[in-house]
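Asker: Residue numbers (numbering that gives the first Met the number 0), protein chains in the order written: chain C, 0 to 241; chain Z, 0 to 198. For each residue, glycine too, the CB sits at the ideal point set by N, CA and C.
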Amino acid sequence: MTFEPQGRSLSDFTVELDVYSGPYEWLLALILKDELEIFEIPLRELVDSYVGAREADPTRGGLERDTDFAGSASALVLLKSRTLSPAIDAEAEGDEDEALSPQELAERLTEYLKIRRAAEHLRESLAANAGHYPSAHTMPPRPGRLQVKPERVSLAARRAFSRLIEPPVRHLGPITVTLQELAGMIRTALARGPISYEILTRDMDRLNRAVAFAAALSLAQEGRLTLAQVEPLGPLTLEPTA
Amino acid sequence: MSGEPKPEHLIEAVLLVSSGPISPPDLSSATGLTKSALEGAIEILTQRYTPETSGIVLRNVAGGYQLATNPNCSGAVERFREEARPTPLSNAAHEVLACAFYLGPLTRGAISRVRGVNSDAVVRNLLERALLAEIGTDHEAPGSPALLGVTDEFLAATGSSSPDDFPPLGSLVSPEELSRVHERLSSAATPPEDTGETP
Numbered sequence: 000m001t002f003e004p005q006g007r008s009l010s011d012f013t014v015e016l017d018v019y020s021g022p023y024e025w026l027l028a029l030i031l032k033d034e035l036e037i038f039e040i041p042l043r044e045l046v047d048s049y050v051g052a053r054e055a056d057p058t059r060g061g062l063e064r065d066t067d068f069a070g071s072a073s074a075l076v077l078l079k080s081r082t083l084s085p086a087i088d089a090e091a092e093g094d095e096d097e098a099l100s101p102q103e104l105a106e107r108l109t110e111y112l113k114i115r116r117a118a119e120h121l122r123e124s125l126a127a128n129a130g131h132y133p134s135a136h137t138m139p140p141r142p143g144r145l146q147v148k149p150e151r152v153s154l155a156a157r158r159a160f161s162r163l164i165e166p167p168v169r170h171l172g173p174i175t176v177t178l179q180e181l182a183g184m185i186r187t188a189l190a191r192g193p194i195s196y197e198i199l200t201r202d203m204d205r206l207n208r209a210v211a212f213a214a215a216l217s218l219a220q221e222g223r224l225t226l227a228q229v230e231p232l233g234p235l236t237l238e239p240t241a
Numbered sequence: 000m001s002g003e004p005k006p007e008h009l010i011e012a013v014l015l016v017s018s019g020p021i022s023p024p025d026l027s028s029a030t031g032l033t034k035s036a037l038e039g040a041i042e043i044l045t046q047r048y049t050p051e052t053s054g055i056v057l058r059n060v061a062g063g064y065q066l067a068t069n070p071n072c073s074g075a076v077e078r079f080r081e082e083a084r085p086t087p088l089s090n091a092a093h094e095v096l097a098c099a100f101y102l103g104p105l106t107r108g109a110i111s112r113v114r115g116v117n118s119d120a121v122v123r124n125l126l127e128r129a130l131l132a133e134i135g136t137d138h139e140a141p142g143s144p145a146l147l148g149v150t151d152e153f154l155a156a157t158g159s160s161s162p163d164d165f166p167p168l169g170s171l172v173s174p175e176e177l178s179r180v181h182e183r184l185s186s187a188a189t190p191p192e193d194t195g196e197t198p
């Protein structure tokens, strides 16, 4: 939908509404840019305003100007009606398509009438209480938290940047066996009865021992074996579950 | 200045640094005043800060107390802050607020059903103004839509201390008015008498 200026016959028409005050053409532009809600524009007041201005100064009238206004105002009516129309969610309403009985209609209207009256009451309350500005004071951060000591920044920077250095891994050998393979090996060993972790891993390097331990933990978690250790850091025994 | 501050001075100081209403228990907690001392101090401040005597007024809103500017001085405040007073709300916005206040918490869809028109844009505007807030979820409705209710800012904006300050919804429409609605609907629903003439 577009509003062509057509010689800008309405360029001198200004409107005074609650939600907007200024040139009519700007009002149209703001609506089309979604910077002003069409809901908020009382179209009847808009038309009354045009008619009033036309009657006050007939020399500014003219067929072209009236036509332009009628065209743009009817476009606003169409826009507003289209925006307002998809009011009810059909699925949520269920049998909304069925005509309401007079009783149901009366109940709805009664409820709406009460809401209208409540809205009028609210308008008065809000108007009566407008213009109260509370303290603009907001709590600043505590001064203590703003004190930054250079040595602490330096220490924090050293810690942060030191983490960027890759840890040495030369002491680790190549990974030659997967967790699944080690789990399979443990299960095979357990078929013959309990086995010591040290015996199970005596031919492995440090990395494979760690992976074997992880595999044993995983199997213990699945309930396939029990880890027995009499004393902390003492010998570890893998026992098959009953 | 020396000596112990008076109770009203303590309350005054705490209220000055708060942008929102402070409830009596919070005031007591901050100042260490007993309930009776607090009430006495509030009474003194109420008399001190009136629109007739000061540019600041003490408001009892949203369940607490708040120092705010005298509305008669709002023009000067707005000029100083270089900001215009917020645009008055539209009729649609008042209706949506009335729905949320009297019938809420309720969903956007429920508000639209009461009003008979889509109210999403109006709700959005009121959420931006902090007069409405999403305060829950309707888990039984499809899509679990948000439930909307009015906020403490709404109570403060209407000058209300609590929801009880508002008249009951049923009292807002007279029985006579309601019966007129029913009569009008009944007459509209009655089919015209068959005159026997062929159209």
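What is the DSSP secondary structure of tyrosine 64 of chain Z, reduced to helix, strand or coil?
Answerer: Three-state result, tyrosine 64 of chain Z: strand.
Asker: Which residues share a DSSP beta bridge with valine 56 of chain Z?
Answerer: DSSP output for valine 56 of chain Z lists Z:Ala67 as bridge partner(s).
Asker: For chain C, find out if any of its Cβ atoms is closer than 8 Å to the Cβ of tyrosine 101 of chain Z; answer yes or no.
Answerer: At least one chain C Cβ lies under 8 Å of tyrosine 101 of chain Z.
Asker: Are the beta-carbon atoms of alanine 61 of chain Z and leucine 125 of chain C separated by less than 8 Å?
Answerer: Cβ distance not < 8 Å, so alanine 61 of chain Z and leucine 125 of chain C don't count as in contact.
Asker: Give the single residue among C:Asn128, C:Ala241, C:Leu232, C:Met203 whose Cα lies nearest to the Cα of cysteine 72 of chain Z.
Answerer: Nearest of C:Asn128, C:Ala241, C:Leu232, C:Met203 to cysteine 72 of chain Z, Cα basis: C:Asn128.
Asker: Restricting to Cα atoms, I'd like to know which of Z:Ser159, Z:Phe79, Z:Leu168 is closest to arginine 115 of chain C.
Answerer: Looking at the Cα atoms, Z:Leu168 is the closest of the given residues.
Asker: Contact between the region 94-106 of chain Z and the region 146-161 of chain Z: three or more CB pairs below 8 Å?
Answerer: Cβ pair count under 8 Å is three or more, so yes.
Asker: With a threshold of 8 Å between beta-carbons, can valine 122 of chain Z be considered close to chain C, or not?
Answerer: Closer than 8 Å: no.
Asker: Which residues in the same chain as glycine 63 of chain Z place their Cβ atom closer than 6 Å to its Cβ, once the five residues preceding and following it in sequence are excluded?
Answerer: Hits under 6 Å: Pro20, Ile21, Ser22.
Asker: Can you tell me whether proline 133 of chain C is helix, strand or coil according to DSSP?
Answerer: Residue state, collapsed to three classes: strand.
Asker: Once the 5 residues before and after serine 27 of chain Z are set aside, which same chain residues still bring their CB inside 6 Å of it?
Answerer: If we look at serine 27 of chain Z and ignore the five residues flanking it on each side, its Cβ neighbours are Leu37.
Asker: Can you give me the Cβ contacts of threonine 200 of chain C inside the same chain, cut-off strictly under 6 Å, excluding the 5 residues immediately before and after it?
Answerer: Here the set comprises Arg208, Ala211.
Asker: Alpha carbons only, please: which of C:Ala105, C:Lys32, C:Leu45 is nearest the one belonging to serine 178 of chain Z?
Answerer: Checked all of C:Ala105, C:Lys32, C:Leu45; the closest Cα to serine 178 of chain Z is C:Ala105.
Asker: Taking 8 Å as the threshold (beta carbon to beta carbon), is glutamine 65 of chain Z in contact with chain C?
Answerer: Yes, its Cβ sits closer than 8 Å to a Cβ of chain C.
Asker: Give me, in chain order, the residues of the same chain whose beta-carbon lies closer than 8 Å to that of glycine 142 of chain Z; leave out the 5 immediate sequence neighbours on both sides.
Answerer: Counting only Cβ-Cβ distances below 8 Å, and skipping sequence neighbours, we find nothing.
Asker: Output yes or no for whether 8 Å exceeds the beta carbon distance between leucine 237 of chain C and proline 193 of chain C.
Answerer: Cβ atoms of leucine 237 of chain C and proline 193 of chain C: closer than 8 Å.
Asker: Name, in chain order, the residues that DSSP records as bridge partners for valine 149 of chain Z.
Answerer: Answer by DSSP bridge pairing, in chain order: Z:Leu131.
Asker: Mind listing the chain Z neighbours of arginine 116 of chain C? Cutoff is C-beta to C-beta under 8 Å, in chain order.
Answerer: Within 8 Å Cβ-Cβ: Leu171, Val172.
Asker: Using C-beta distances below 7 Å, list every residue in its chain close to leucine 15 of chain Z, excluding the 5 sequence neighbours before and after it, in chain order.
Answerer: Excluding residues within five positions, the ones whose Cβ falls inside 7 Å are Leu66.
Asker: Any idea what DSSP makes of glycine 21 of chain C, helix, strand or coil?
Answerer: Looking at glycine 21 of chain C - three-state DSSP - the assignment turns out to be strand.
Asker: Since proline 6 of chain Z is in the beta strand (DSSP E), which residue starts that stretch and which ends it?
Answerer: Unbroken run through proline 6 of chain Z is the alpha helix (DSSP H), 6-15; no beta strand (DSSP E).
Asker: Measuring only the C-alpha atoms, how far is glutamate 44 of chain C from leucine 16 of chain C?
Answerer: Answer to the nearest angstrom: the Cα atoms are 8 Å apart.
Asker: Given that valine 18 of chain C touches chain Z, what residues does it touch there, using C-beta distances under 7 Å?
Answerer: The answer, in chain order, is Thr86, Ser89.
Asker: Suppose contacts are defined by Cβ-Cβ distances below 8 Å. Is leucine 178 of chain C in contact with alanine 214 of chain C by that definition?
Answerer: Cβ atoms of leucine 178 of chain C and alanine 214 of chain C: closer than 8 Å.
Asker: Among the residues of its own chain, which have a CB less than 8 Å from the CB of glycine 222 of chain C, if the five just before and after it don't count?
Answerer: The residues are Thr240.
Asker: Determine which residues share a DSSP beta bridge with proline 239 of chain C and list them.
Answerer: For proline 239 of chain C, which the question treats as bridged, DSSP gives the partners C:Leu224.
Asker: Shorter than 8 Å from the beta carbon of serine 124 of chain C to some beta carbon of chain Z?
Answerer: By this cut-off, serine 124 of chain C is an interface position.
Asker: When you compare only the Cα positions, how much space is there between leucine 9 of chain C and serine 89 of chain Z?
Answerer: About 26 Å.
Asker: So with CB distances below 9 Å, who are the chain Z contacts of alanine 28 of chain C?
Answerer: Correct list: empty, because the minimum Cβ distance to chain Z is about 18 Å.
Asker: Could you list which residues in chain C have their beta carbon closer than 7 Å to that of alanine 97 of chain Z, in chain order?
Answerer: Those within 7 Å of alanine 97 of chain Z in chain C are Ile114, Ala117, Ala118, Leu121.
Asker: Quick check: the Cα distance between proline 234 of chain C and leucine 216 of chain C, rounded to an integer number of angstroms?
Answerer: Roughly 15 Å separates the two Cα atoms.
Asker: Nearest by alpha-carbon distance to alanine 219 of chain C: which of C:Val14, C:Asp47, C:Arg186, C:Thr58 is it?
Answerer: Selected option, being the one with the closest Cα: C:Arg186.
Asker: Which same chain residues end up closer than 6 Å to proline 22 of chain C when comparing Cβ atoms and leaving out the 5 residues on each side of it in sequence?
Answerer: Same-chain partners within the cutoff: Thr13.
Asker: For serine 48 of chain C, which three-state DSSP category applies?
Answerer: Helix, per DSSP.
Asker: At what residues does the alpha helix (DSSP H) containing glutamate 38 of chain Z begin and finish?
Answerer: Here the alpha helix (DSSP H) through glutamate 38 of chain Z covers 34-47.
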